[in-house]
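Working notes, beginning with the structure itself.
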Amino acid sequence: QVQLVESGGGLVQAGGSLRLSCAASGSFFRLVAMGWYRQAPGKQRELVARITNGGNTNYADSVKGRFTISRDNAKNTVYLQMNSLKPEDTAVYYCNAETVIPPKTYWGQGTQVTVSS
């Protein structure tokens, strides 16, 4: 089992920055990937950014050049640095972690990010 605890959400003005953190704990062999998803009211949950334990990353087109995902494998922690925030970035952001033994996906409880115009 993997427990994910997120922190760092909040209210920020457009153009500002926030940094999200997500720490994984529990009993697991290895997290092969961690990432961030978001869900705005009335919309489906979407991938924001993902990073593998080898350091490969992928981003949603809407955040490329503004958001950076990073990971501390020793601490099983993933970060999302969000710069140049826009009102359309407002959503609940969920941390995600994937294991292969067994093959499972885990979710955090979500953290609210609100960007005011």
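Just so you know, the sequence shown maps onto residues 15 to 131 in this note's numbering.
Think of the CB as a built atom: it goes at the ideal place given N, C-alpha and C, for glycine as much as any other residue.
As the structure is a prediction and not an experimental result, all values here were calculated from the model.
message = Rounded to whole angstroms, what is the Cα-Cα separation between V129 and A111?
response = 26 Å
query = Between which two residues does the beta strand (DSSP E) containing D75 stretch?
reply = Neither: D75 is in no beta strand (DSSP E) and is coded neither H nor E.
key: Contact check, R59 vs A47, beta carbons under 9 Å   = no
inquiry  = According to DSSP, is P116 part of a helix, a strand, or is it coil?
reply    = coil
query = Going straight from the alpha carbon of A28 to that of F42, what length do you get?
reply = 39 Å
query = Are there three or more Cβ pairs, one per stretch, closer than 8 Å when the region 94-102 is compared with the region 120-129?
reply = yes
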